[in-house]
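A.B. asks: Residue 179 in numbering that gives the first Met the number 0 sits at position 180 of the sequence shown, with consecutive numbering throughout.
Positions of the beta carbon are idealized from the N, C-alpha and C atoms, including for glycine.
From a predicted model like this one, the values you see are computed outputs, not experimental measurements.
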Amino acid sequence: MSRFQFTVGGKYSRSDIRGIVGLDPNAKGGIWDTGYVRHEDVYFILCNIGIPGRTGHDYTNYFDGNTLVWQGNTRSNRGQPTIQRMTSKEAEVHIFWRDDDHAPFTYAGLAQAISIADEVPVKVRWSFAHKKVIPGVDGVFPDEVDASPKRAYIEGATKAVLVNAYERNAAARNECVHHHGTVCRVCGFDFGKTYGEMGIGFIHIHHKLPIAEIGEAYTLNPINDLVPVCPNCHAMLHRSHPPMTVEQLILTLKKVGKT
């Protein structure tokens with residue numbers, strides 16, 4: 000049991016976190032304005048997803064199912080005492096994330112390092128005590144394309160992915176919806192028919208190719224690579240690793256007599 004209690008999925012500012020751990024919530028500057036901090040032998044990681052840090056550094060942090068792939072500070076490496084202590088099995092590590100520099104952080108949970116890449120900056124994969132799939136933002140899954148307009152539909156490898164959880168592209172989503180519509184391609188659920196006006200246009204967008212498995216840069220085709228699915232089917236697609244295909248999930252529904 001942790002000495003410091005946070006709610007998974009809850010929203011916290013840096014001031015909120017300082018107050019919960021017993022520090023002055025109104026204090027400004029110092030180590031609590033950095034990406035990770037040690038307090039009473041407990042570690043707190045406050046990371047950005049898909050946006051540069053306030054120092055201008057762009058870290059390729061991203062969620063991959065139930066894990067977080069995270070980069071340390073610019074010159075960090077696995078041999079540094081801080082990184083070694085933080086990634087030890089005995090360490091208590093709380094992770095918070097956000098994808099908007101002006102928004103509060105979301106608490107992802109207590110984490111433990113499961114792999115440490117020998118890179119500079121160091122790259123750590125964290126697993127969480129709870130087992131549910133961690134969404135991107137507001138229930139959006141890591142591969143879903145849904146946010147402010149970005150430049151061309153170009154996706155890269157681990158170091159530079161532009162259209163996914165790191166940088167979502169509303170134009171790609173719109174093209175997918177324009178072509179495929181907003182009815183779930185797995186189960187046929189239509190939010191507009193069920194919920195009326197408030198449901199019109201609502202749908203998740205699933206990326207057929209797992210982003211983390213892309214080995215080289217390629218051009219995203221919103222019609223061929225993206226598909227509209229309801230949140231339930233989207234969650235089921237991500238129940239396995241790698242995710243099931245849309246066709247596999249349709250067959251699963253047929254076997255249980257749901258289609």
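1. Could you round the C-beta distance between Cys-229 and His-203 to whole angstroms and report it? I think they count as a contact, below 8 Å.
2. Per DSSP, Leu-109 forms a beta bridge with which residues?
3. According to the Cβ coordinates, are Leu-252 and Val-185 closer than 8 Å?
4. Closest by CA to Ile-16, which one among Ala-90, Ile-50, Gln-79, Ile-94?
5. Sort Tyr-35, Val-255, Ala-171 by Cα distance to Leu-225 and report the nearest one.
6. With 16 other CB atoms within 10 Å as the buried threshold, where does Gly-49 fall?
7. Can you tell me where the alpha helix (DSSP H) holding Asn-47 begins and where it ends?
8. Give me the Cα-Cα distance between Thr-59 and Met-85, rounded to the nearest whole angstrom.
9. Excluding the 5 residues flanking Ile-199 on each side, which residues of the same chain have their C-beta closer than 6 Å to its C-beta?
10. So, using beta-carbon positions, are Ser-75 and Pro-120 closer together than 8 Å?
11. Under a three-way DSSP split, which group does Ile-202 fall into?
12. Buried or exposed: which applies to Ala-110, given that a residue is buried once 16 or more other Cβ atoms fall within 10 Å of its Cβ?
13. Going by beta-carbon coordinates alone, are Phe-32 and Arg-13 separated by less than 8 Å?
14. For the candidate residues Gly-71, Leu-219, Asn-231, whose alpha-carbon lies nearest to that of Asp-189?
15. From which residue to which residue does the alpha helix (DSSP H) around Ser-14 run?
16. Sort Gly-18, Arg-124, Thr-81 by Cα distance to Gln-70 and report the nearest one.
17. With distance defined between alpha-carbon atoms, name the residue in Lys-27, Phe-43, Glu-39, Leu-250 nearest to Gly-108.
18. For Lys-122, count neighbouring C-beta atoms within 10 Å of its own C-beta (all shown protein chains included) and say buried if the count is 16 or more, exposed if not.
19. Looking at C-alpha atoms only, which residue of Ala-128, Gly-195, Ala-102, Leu-219 is the closest neighbour of His-205?
20. Mark Val-139 as exposed unless 16 or more other C-beta atoms lie within 10 angstroms of its C-beta, in which case mark it buried.
21. Considering only the beta carbon of each residue, do Asn-72 and Gly-34 sit closer than 8 Å?
22. Give me, in chain order, the residues of the same chain whose beta-carbon lies closer than 7 Å to that of Gly-8; leave out the 5 immediate sequence neighbours on both sides.
23. What's the gap between the Cα of Gly-18 and the Cα of Asn-65?
24. Tell me, to the nearest whole angstrom, how far the beta carbon of Asn-47 is from that of Asp-98; I am working on the premise that it is less than 8 Å.
25. Can you tell which of Ser-239, Gln-247, Ser-126 has its C-alpha closest to the C-alpha of Phe-62?
26. If you count every other CB in all the chains shown that lies within 10 Å of the CB of Leu-236, and 16 or more means buried, which is it?
C.D. replies: According to the data block:
1. Taking the sequence shown and counting its residues from 1, the one referred to as residue 229 is at position 230. Taking the sequence shown and counting its residues from 1, the one referred to as residue 203 is at position 204. Their Cβ separation, rounded to whole angstroms, is 7 Å, which keeps Cys-229 and His-203 in contact under 8 Å.
2. Taking the sequence shown and counting its residues from 1, one reaches residue 109 at position 110. The partner list for Leu-109 (beta bridge, DSSP) reads His-93.
3. Within the sequence shown, the letter at position 253 stands for residue 252. Within the sequence shown, the letter at position 186 stands for residue 185. Taking 8 Å as the Cβ cut-off, Leu-252 and Val-185 qualify as a contacting pair.
4. Working through the sequence shown from its first residue, we reach residue 16 at position 17. For Ile-16, the nearest C-alpha among the options comes from Ile-94.
5. Numbered from its first residue, the sequence shown carries residue 225 at position 226. Of the listed residues, the one whose Cα sits closest to Leu-225 is Ala-171.
6. Along the sequence shown, one-based indexing puts residue 49 at 50. Under this definition Gly-49 is a buried residue.
7. The residue you call residue 47 lines up with position 48 of the sequence shown. It is not in any alpha helix (DSSP H) - Asn-47 instead sits in the beta strand (DSSP E) that spans 41-47.
8. To locate residue 59, count along the sequence shown from 1; it is residue 60. To locate residue 85, count along the sequence shown from 1; it is residue 86. Roughly 19 Å between the two C-alpha positions.
9. Position 200 of the sequence shown, counting from 1, holds the residue named residue 199. Cβ neighbours of Ile-199 beyond the five flanking positions: Gly-191.
10. To locate residue 75, count along the sequence shown from 1; it is residue 76. To locate residue 120, count along the sequence shown from 1; it is residue 121. Yes, they are a contact pair.
11. As a first step, residue 202 must be located in the sequence shown, where it is residue number 203. Three-state DSSP puts Ile-202 in coil, outside helix and strand.
12. For the purposes of this step, residue 110 is identified with residue 111 of the sequence shown, where counting begins at 1. That one is buried.
13. Locating residue 32 in the sequence shown gives position 33, where the first residue counts as 1. Locating residue 13 in the sequence shown gives position 14, where the first residue counts as 1. According to the sequence shown, residue 32 is Asp rather than Phe. Yes, the Cβ-Cβ distance between Asp-32 and Arg-13 is below 8 Å.
14. On the sequence shown, residue 189 is found 190 positions in, with the first residue counted as 1. Comparing Cα positions, the closest option is Asn-231.
15. For the purposes of this step, residue 14 is taken as the residue at position 15 of the sequence shown. If you look at Ser-14, you'll find it in the alpha helix (DSSP H) that goes 13-19.
16. Position 71 of the sequence shown, counting from 1, holds the residue named residue 70. It is Arg-124.
17. As a first step, residue 108 is located in the sequence shown; it is residue number 109 there, counting from the start. Answer by Cα proximity: Phe-43.
18. In the sequence shown, the residue the question calls residue 122 occupies position 123. The residue is buried, with at least 16 neighbouring Cβ atoms inside 10 Å.
19. Stepping through the sequence shown from its first residue, residue 205 is reached at position 206. Ranked by Cα distance from His-205, the first of Ala-128, Gly-195, Ala-102, Leu-219 is Leu-219.
20. As a first step, residue 139 must be located in the sequence shown, where it is residue number 140. Low per-residue confidence applies at Val-139: pLDDT is 46, beneath 50, and the placement is therefore not dependable, though the value from the model is reported in the following sentence. Val-139 should be labelled buried.
21. Position 73 of the sequence shown, counted from the first residue, corresponds to residue 72. Position 35 of the sequence shown, counted from the first residue, corresponds to residue 34. It is a contact, given that the beta carbons lie within the stated cut-off.
22. As a working note, residue 8 is residue 9 in the sequence shown. Correct list, in chain order: Thr-105, Tyr-106.
23. Position 19 of the sequence shown, counted from the first residue, corresponds to residue 18. Position 66 of the sequence shown, counted from the first residue, corresponds to residue 65. So the two alpha carbons sit approximately 28 Å from each other.
24. Along the sequence shown, one-based indexing puts residue 47 at 48. Along the sequence shown, one-based indexing puts residue 98 at 99. That pair is a contact at about 7 Å.
25. Here residue 62 refers to the residue found at position 63 of the sequence shown. Checked all of Ser-239, Gln-247, Ser-126; the closest Cα to Phe-62 is Ser-126.
26. Here residue 236 refers to the residue found at position 237 of the sequence shown. By the 10 Å Cβ count, Leu-236 comes out buried.
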